[in-house]
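Before any comments, here is the structure.
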Amino acid sequence: MKKLLLLLPLVLLTACNATGSMVKESALSLTEREGRESFTLAGKLPANFLIQATAQFNPLNPERCQVYNMGLGHNVTRDTRTQYRTEFQDEPSSFSFDIPLTYHIGLCDMELGGVGLLIRGRYGEASWQHHRSTGGIGIADTRPAGAPEFASNGTQTLRGICTWLFQISKLRLELSKVLSCSETDESWKLDPDFVKRRSIGTTLGRDELAGKTVVLNLRVNPKEEPSMHRRWIQTEAGWKPCTGTEQSGRCQSPPVFKPFKMGEQKCTVYPACKE
Numbered sequence: 010m011k012k013l014l015l016l017l018p019l020v021l022l023t024a025c026n027a028t029g030s031m032v033k034e035s036a037l038s039l040t041e042r043e044g045r046e047s048f049t050l051a052g053k054l055p056a057n058f059l060i061q062a063t064a065q066f067n068p069l070n071p072e073r074c075q076v077y078n079m080g081l082g083h084n085v086t087r088d089t090r091t092q093y094r095t096e097f098q099d100e101p102s103s104f105s106f107d108i109p110l111t112y113h114i115g116l117c118d119m120e121l122g123g124v125g126l127l128i129r130g131r132y133g134e135a136s137w138q139h140h141r142s143t144g145g146i147g148i149a150d151t152r153p154a155g156a157p158e159f160a161s162n163g164t165q166t167l168r169g170i171c172t173w174l175f176q177i178s179k180l181r182l183e184l185s186k187v188l189s190c191s192e193t194d195e196s197w198k199l200d201p202d203f204v205k206r207r208s209i210g211t212t213l214g215r216d217e218l219a220g221k222t223v224v225l226n227l228r229v230n231p232k233e234e235p236s237m238h239r240r241w242i243q244t245e246a247g248w249k250p251c252t253g254t255e256q257s258g259r260c261q262s263p264p265v266f267k268p269f270k271m272g273e274q275k276c277t278v279y280p281a282c283k284e
């Protein structure tokens, strides 16, 4: 009984802290507001693609940005994330997000620290036929040396090509795909070496960002590729999967080809299915 009596004040204190924190947060939520200055992230998406941008805001004055964390049982420094998202469209589409450079909750002032990019494509209606690729926009106090500048009209353009990488799913034992979106040069050329390709993104200077527009245009690579080297062999009829060696999943020499499923079909070659 003594142990119970000793623990009871601690339980009550924790409950009081949690209740007080919820009341405080409820009141603070009424003061949430975006800053006056912003930049625009806009662009074009291929059919059957969506984009999600997540803005991360970091505290300028951490001592004013303390919030009680019930899971940890003590105060932590607040940060805030705001999401902007499109939905899948059957046709090519455009998007435009106005992203503030600052965010305020009560006396807690925060500045934009970066924007995470999530690009999701679908090649079928089932949820497992959706896949994503990521990128990001870093925000520095000033533009780093070598980083691209804004054009005279206040825009900076990012270009990306999304490639579907096909494989035989070990879970479903049929053809599936993963998505890889990579940055291109101004003429939309990808590095032929897959390992050297970079995710889509850039770094911007906060001091020159207000009122500017970052344009992100995406295209789909008409040429699909295997997700791993030496698992498929390209023939005149198309790509054919082969049986791996005992030591690895890489094709035997000479190759021994194997059939695979694509939906309800039993296939020997991709993308045509039948030779």
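Residue numbers (the numbering used here): 10 to 284. Note that the Cβ used here is the ideal one computed from N, Cα and C, for glycine as well. Model, not experiment: these values are computed from the prediction.
With a cutoff of 9 Å on beta-carbon distance, Leu218 and Pro55 are scored as not near each other. Counting only the Cα atoms, Ile209 lies some 7 Å from Cys190. A straight line joining the alpha-carbon of Gly82 with that of Gly147 spans about 32 Å. CA-to-CA, the gap between Leu174 and Asn230 works out to about 10 Å. In the structure shown, Val204 falls within a helical segment according to DSSP collapsed to helix, strand and coil.
In this structure, DSSP gives Ser136 a helical state, which the three-state scheme calls helix. The C-beta of Lys249 has 16 or more other C-beta atoms within 10 Å across all chains shown, which makes the residue buried. Counting only unbroken stretches of 3 or more residues, the beta strand (DSSP E) elements lying wholly within the stretch 177-256 are 184-192, 210-214, 222-229, 241-244 and 247-250, in sequence order. Here Arg73 carries a helix assignment [DSSP, helix/strand/coil]. Taking the Cα of Ser196 as reference, the smallest distance to any Cα among Gln138, Leu167, Ile242 and Pro264 is reached at Leu167. Cβ contact annotation for Gly145 (same chain, cutoff 7 Å, sequence separation greater than five): Gly123, Val124, Gly125, Leu126 and Gly210, in chain order.
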